[in-house]
Amino acid sequence: IRRFFQHVLPGGFYKIRYFGFLSLSLAKELVGLVFELLGKSQFLPRFEGLNGMEIYQEISGKRQWLCPVCKSGIMHPYHQNISSD
Numbered sequence: 076i077r078r079f080f081q082h083v084l085p086g087g088f089y090k091i092r093y094f095g096f097l098s099l100s101l102a103k104e105l106v107g108l109v110f111e112l113l114g115k116s117q118f119l120p121r122f123e124g125l126n127g128m129e130i131y132q133e134i135s136g137k138r139q140w141l142c143p144v145c146k147s148g149i150m151h152p153y154h155q156n157i158s159s160d
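Every position in the sequence shown, counted from 1, becomes a number in our numbering once 75 is added.
As structure tokens, this is what we get:
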């Protein structure tokens, strides 16, 4: 029960996600204003427009489908059903 009460805020305190520019109802409007005030031209998410393999490579620094034998070719995965007969 002690661990539960570590997450209970004292009276008069509120979780920050409900207020300010991070509140869900105002986030889209105010995040743009925050970047404008900071002198940033535009908010561009780091992974916008990337597919899953490109995001994996960006985060890990590894190429997921690189051939482990020749280190230059790209493996193309395919699905094969193996019967239990």
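Even for Gly, the Cβ is constructed at its ideal location relative to N, Cα and C.
Spatial distance of residue i from residue j (CA atoms)
| i | j | result |
| --- | --- | --- |
| CYS142 | SER100 | 47 Å |
| GLY87 | MET150 | 57 Å |
| GLY107 | GLY148 | 42 Å |
| CYS145 | LEU113 | 48 Å |
| GLU123 | LYS90 | 29 Å |
| ALA102 | VAL109 | 10 Å |
| VAL83 | LYS137 | 41 Å |
| PHE79 | SER135 | 35 Å |
| GLU104 | GLU111 | 11 Å |
| ARG77 | TYR131 | 38 Å |
Beta-carbon proximity check, residue i vs residue j, cutoff 9 Å
| i | j | result |
| --- | --- | --- |
| GLU129 | ARG121 | no |
Identity of the residue in the options nearest residue i by Cα
| i | options | result |
| --- | --- | --- |
| PRO152 | CYS145, TYR89, LYS146, GLN139 | GLN139 |
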